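Structure first, then comments.
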Amino acid sequence: MRDLLHLPILGTLLRSRWLWRTLRLLALALTLLVIASGWRHHRIPGVEVPDPLMYTSFATFSLWVLWIMGLVLLALVAGRFWCAVCPFGWLNGLLSRYGFKRPLPSWLGGMLPVTLLLVALQIAVYLLAIHRYPDYTARLLVLLLAALIFSSVIFRKHAFCQLFCPAGAVLKCYARVAPFELRVRDSAVCSDCSSTQCVSESKYWQRYALGPAVVHLQRQRPGCPVDIHPRQIDDNSDCTLCMNCVENCCNDNLRLGFRPWLAELQQALLGRGEAFLLLVLTGMVTANFSKVNVPLRELLFAVPKKTALVLGWQADGYFLLSALWITLLLPLLLALPGMIFYRLRSLQVTRVDTPLEPETRHEKRSLFAGLSELLLPTIPLLLASHLILAVVKLNAKLGYLPLTLSDLSGVKSYLAVHLLGTIAQPGVLLSIDLLKWLVVLLLVLGYLLSVLAVKKVAATRDGGSFYLCGALFNISLLAGLYLDTVIRWLFLR
Ligand code: SF4
Ligand code: SF4
104 MRDLLHLPIL GTLLRSRWLW RTLRLLALAL TLLVIASGWR HHRIPGVEVP DPLMYTSFAT
164 FSLWVLWIMG LVLLALVAGR FWCAVCPFGW LNGLLSRYGF KRPLPSWLGG MLPVTLLLVA
224 LQIAVYLLAI HRYPDYTARL LVLLLAALIF SSVIFRKHAF CQLFCPAGAV LKCYARVAPF
284 ELRVRDSAVC SDCSSTQCVS ESKYWQRYAL GPAVVHLQRQ RPGCPVDIHP RQIDDNSDCT
344 LCMNCVENCC NDNLRLGFRP WLAELQQALL GRGEAFLLLV LTGMVTANFS KVNVPLRELL
404 FAVPKKTALV LGWQADGYFL LSALWITLLL PLLLALPGMI FYRLRSLQVT RVDTPLEPET
464 RHEKRSLFAG LSELLLPTIP LLLASHLILA VVKLNAKLGY LPLTLSDLSG VKSYLAVHLL
524 GTIAQPGVLL SIDLLKWLVV LLLVLGYLLS VLAVKKVAAT RDGGSFYLCG ALFNISLLAG
584 LYLDTVIRWL FLR
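Going by the numbering used here, the sequence shown opens with residue 104, and the numbers climb by one from there.
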């Protein structure tokens, strides 16, 4: 693996704190521009369409098309690289230095809060269509900024990332398979090193001299935002690639670079929180695929539809039930056959004279552990499916970028394209004939990588053949649903 930190020009750039500061400031300025440009715009008076500004407004376009879809492309290649330039994480680290620095309570420590926030966002998308309106988009960002200030004042380090950032949580899962990592060059060097300045916050003096005038200013090394020592990193999920340890290491013992895909999957274990997040994500991706597959959509949404009818609930009630169904229950149902199969590994038939009390606690725990293990190899397939959604969206809508830059509110652009016809409607980048094969290729690659991951993980598990069958069933079921959608949508229409 080439160490990017030691390449002649790129290495100097990557080590430069000014490069990262500039990128973060730029990202912060863009965030503020999104808020300012979207704040007062909801609809266009006199225009019948309910959400005319969805693609022509800079706010909605840049957050829901460019950023969200671009993030998936970036995650495929560079894992959590976005976190390195994220203005929210950066501000969180800066502000928390001056707050109360309370430790995060253990009940808030896992990924449960952030996953529930992802569910809440899905509810807001279904109920309010926040992704279609610039003012809702701007308010969402302001809410997140308020949560950032709150968590920075109360808690130490990057509590916002852990509590309120679904993007970081999703990147955490995808980074596990990404071909990019930050590791120590030689762990023996770390073992012999008594300094902790690479990861702990510490103060130092900076000397500024201009001729005879000399000023000393006290500075603070930021330390590691997630409290890990680089030597202890054995998977990509926690490191946010902030580069603080690279800057602070007194032995120049860090390396950053590429590695094979799936390199860490067999030794990595998913925590309960990550397993829950993957379930929610599976439901969301599957529901997104079903948007263009009518039979699948009818099938997937039959339960919330019938429940809303029985309860006599109107559209809002149906949307609420749908969001809860696709994020919580549907993915559990999809994973159930594989789980049952995997559980068969512990089936024992013995003759006993006296029945024993069942070991209920042990049974519960092993059922959940089985779910985490089964979900681990679905990550490549999930990432590939997410990537397909991103590629299709970017292919269809990237042409709106010049319009959003020339008119931030999107009002004039909408009128020029859709009412006056003075500007042609932006077209697709790739023709459908090319796109459909690219989509199939991505899906097949994602499936094959997941099969490979199942094989790798099965080799390290007890009851390997039960695991193999259960996990293969799971990923084949998902891949089958997605392939059916792709064929109906891109090949048969
Ligand atoms: S976890 Fe979220 S808020 Fe934190 S740095 Fe990453 S993207 Fe930004
Ligand atoms: S290990 Fe280094 S790069 Fe990763 S989060 Fe900690 S300080 Fe940042």
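Beta carbons: idealized from backbone N, C-alpha and C, even for Gly. Remember, it's a predicted structure, so these values are computed and weren't measured experimentally.
Mind checking residue i: buried by the 16 CB within 10 Å criterion, or exposed?
{"i": "Val317", "result": "exposed"}
{"i": "Glu56", "result": "The chain is shown from 104 up to 596; residue 56 falls before or after that span and cannot be answered."}
{"i": "Arg279", "result": "buried"}
{"i": "Arg105", "result": "exposed"}
{"i": "Leu486", "result": "buried"}
{"i": "Arg358", "result": "buried"}
{"i": "Gly92", "result": "Residue 92 lies beyond the range of the chain shown here (104 to 596); nothing can be said about it."}
{"i": "Gly374", "result": "exposed"}
{"i": "Pro407", "result": "buried"}
{"i": "Cys342", "result": "buried"}
{"i": "Ser209", "result": "exposed"}
{"i": "Ile429", "result": "buried"}
{"i": "Ile482", "result": "buried"}
{"i": "Lys598", "result": "Missing from the structure shown is residue 598; the chain here goes from 104 to 596 and no further."}
{"i": "Lys260", "result": "buried"}
{"i": "Ser119", "result": "exposed"}
{"i": "Leu584", "result": "buried"}
{"i": "Ala366", "result": "buried"}
{"i": "Gln265", "result": "buried"}
{"i": "Thr240", "result": "buried"}
{"i": "Trp540", "result": "exposed"}
{"i": "Ile147", "result": "buried"}
{"i": "Ile491", "result": "buried"}
{"i": "Leu344", "result": "buried"}
{"i": "Lys275", "result": "buried"}
{"i": "His319", "result": "exposed"}
{"i": "Gln225", "result": "buried"}
{"i": "Glu151", "result": "exposed"}
According to DSSP, simplified to helix, strand and coil, what is residue i?
{"i": "Phe404", "result": "coil"}
{"i": "Val287", "result": "strand"}
{"i": "Leu380", "result": "helix"}
{"i": "Leu320", "result": "strand"}
{"i": "Lys500", "result": "helix"}
{"i": "Tyr517", "result": "helix"}
{"i": "Val589", "result": "helix"}
{"i": "Gly360", "result": "strand"}
{"i": "Arg310", "result": "strand"}
{"i": "Ser512", "result": "coil"}
{"i": "Ser303", "result": "coil"}
{"i": "Arg334", "result": "helix"}
{"i": "Arg200", "result": "coil"}
{"i": "Arg205", "result": "strand"}
{"i": "Asn391", "result": "helix"}
{"i": "Glu367", "result": "coil"}
{"i": "Val531", "result": "coil"}
{"i": "Gly212", "result": "helix"}
{"i": "Cys572", "result": "helix"}
{"i": "Thr563", "result": "coil"}
{"i": "Cys348", "result": "helix"}
{"i": "Arg454", "result": "coil"}
{"i": "Val329", "result": "coil"}
{"i": "Thr481", "result": "helix"}
{"i": "Asp419", "result": "helix"}
{"i": "Asn339", "result": "coil"}
{"i": "Leu373", "result": "coil"}
{"i": "Leu595", "result": "coil"}
{"i": "Gly524", "result": "coil"}
{"i": "Asp45", "result": "Not covered by the structure: residue 45. The range shown for the chain is 104 to 596."}
{"i": "Arg448", "result": "helix"}
{"i": "Asn354", "result": "coil"}
{"i": "Asn91", "result": "An answer regarding residue 91 cannot be provided, because it is not within the stretch 104 to 596 covered by the chain."}
Assuming residue i and residue j make a contact with CB atoms under 8 Å, what is their CB distance in whole Å?
{"i": "Pro237", "j": "His144", "result": "4 Å"}
{"i": "Leu484", "j": "Ala390", "result": "The Cβ separation is near 16 Å, so there is no contact."}
{"i": "Leu601", "j": "Leu403", "result": "Not covered by the structure: residue 601. The range shown for the chain is 104 to 596."}
{"i": "Phe161", "j": "Thr507", "result": "4 Å"}
{"i": "Leu497", "j": "Met172", "result": "5 Å"}
{"i": "Leu166", "j": "Ser255", "result": "Contact flag wrong, Cβ pair sits at about 22 Å."}
Is there a Cβ of chain B sitting closer than 7 Å to that of residue i, yes or no?
{"i": "Tyr421", "result": "No chain B is present in this structure, which holds just one protein chain."}
Closer than 6 Å: is that where the CB of residue i sits relative to any heavy atom of ligand 3?
{"i": "Pro333", "result": "This structure lacks ligand 3; the ligands present are ligand 1 and ligand 2."}
Query raised in the report: ligand 1: which residues have Cβ under 7 Å from any of its heavy atoms, chain order?
Result: Spelled out in chain order, the answer is Arg183, Trp185, Cys186, Cys189, Phe191, Gly192, Asn195, His261, Phe263, Cys264, Cys268, Ala270, Gly271, Leu274 and Thr343.
Query raised in the report: Whole alpha helix (DSSP H) runs in the region 232-298 with 4 or more residues, listed along the chain?
Result: With a minimum length of 4 residues, the continuous alpha helix (DSSP H) runs that stay inside the region 232-298 are 237-257, 262-267, 269-277 and 290-294.
Query raised in the report: Along the chain, which unbroken stretches of the alpha helix (DSSP H) at least 4 residues long are found entirely within the region 109-192?
Result: For the region 109-192, whole alpha helix (DSSP H) runs of length 4 or above, ordered along the chain, are 111-118, 120-141, 171-181 and 184-188.
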